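*Asks:* Below is the structure I would like to discuss, written out as structure tokens.
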Amino acid sequence: MAAGDQRGRGRHFEGLLFEGNTTDKSWTLVFQKHVTMTIRPPGCVAKGGTWSLIATQKDEPVWEGSVESGCKHRVRDNFVQWQHKSSDRATTTFGLRLKTAEVAQQFNSVLGEAVASMGVRTTKRSATVRTPRSLFSSSIFSVPL
């Protein structure tokens, strides 16, 4: 599947999904194999619908979240991270490692469009976003694609 593929409803990106631990500034690989992450628009944003993030493996959903109002996201090289609020309103940071920085920029851009369409302010969307190096464990960059 091509990066940013638009087959079906939503945009599809393939990569490795990580969950961040902000306490010790580390990342844990959620699934040992690639997932296809789909950013799916709602039926109608104007009526309060939300955008969905759906990770699948072999066409089976393995993780699902929504793009929340105020979702912070940023890109560094070929890695995009974003915050997800669970039902108990706790915030979890997730990251998706994509094949190239260009594909990561595309994913981040679509994620930014989803946040912007809900009428909220987003973080700066560019490869020059400054983030503390300690947030990016070198181990995530050594996992083969």
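Residue 37 in my numbering sits at position 37 of the sequence shown, and the numbers go up by one each step.
Don't be surprised by glycine CBs; every beta carbon is placed ideally from N, CA and C.
Values in this document were obtained by computation on a predicted structure and should not be read as measured data.
1. Below 8 Å, how does it come out for the segment 97-117 and the segment 75-86: are there three or more Cβ pairs, yes or no?
2. What whole-angstrom Cβ distance do Q57 and V35 have, given they're in contact under 8 Å?
3. Name the residue from A114, A104, S52 whose alpha carbon lies nearest to the alpha carbon of L16.
4. Whose C-beta lies closer than 7 Å to the C-beta of W51 among residues of the same chain, with five residues either side of it excluded?
5. Along the chain, where does the beta strand (DSSP E) that runs through V80 open and close?
6. Between the C-alpha atoms of H73 and H84, what's the straight-line distance to the nearest angstrom?
7. Taking DSSP as the reference, what is the three-state secondary structure of S66?
8. According to DSSP, simplified to helix, strand and coil, what is G43?
9. Could you give the distance in angstroms between the alpha-carbon of W82 and the alpha-carbon of P61?
10. If we count the other Cβ atoms within 10 Å of its Cβ and call it buried at 16 or more, is A55 buried or exposed?
11. State the DSSP-derived secondary structure class of F94, mapped to helix, strand or coil.
12. Measure the C-alpha to C-alpha separation of L53 and R11 and round it to an integer number of angstroms.
*Replies:* Straight from the coordinates:
1. The segment 97-117 is in contact with the segment 75-86.
2. Counted from its first residue, the sequence shown places residue 57 at position 57. Counted from its first residue, the sequence shown places residue 35 at position 35. Indeed, because the Cβ distance is near 6 Å, the residues count as touching under 8 Å.
3. Counting from 1 along the sequence shown, the entry for residue 16 is found at position 16. When each option's Cα is compared against that of L16, the closest is A104.
4. For the purposes of this step, residue 51 is taken as the residue at position 51 of the sequence shown. The residues are I39, R40, P41, P42, S66, V67, A114.
5. Here the question's residue 80 lines up with position 80 in the sequence shown. From DSSP, the beta strand (DSSP E) with V80 extends over 79-85.
6. In the sequence shown, counting from the first residue as 1, residue 73 sits at position 73. In the sequence shown, counting from the first residue as 1, residue 84 sits at position 84. The straight-line gap from Cα to Cα measures roughly 10 Å.
7. For the purposes of this step, residue 66 is taken as residue 66 along the sequence shown, with counting starting at 1. Strand at S66.
8. The residue given as residue 43 occupies position 43 in the sequence shown. Correct three-state label for G43: coil.
9. Within the sequence shown, the letter at position 82 stands for residue 82. Within the sequence shown, the letter at position 61 stands for residue 61. For W82 and P61, the distance between alpha carbons rounds to 19 Å.
10. For the purposes of this step, residue 55 is taken as the residue at position 55 of the sequence shown. Under this definition A55 is a buried residue.
11. If you number the sequence shown from 1, residue 94 lands on position 94. DSSP places F94 in strand when its eight states are reduced to three.
12. Numbered from its first residue, the sequence shown carries residue 53 at position 53. Numbered from its first residue, the sequence shown carries residue 11 at position 11. C-alpha separation (whole angstroms): 10 Å.
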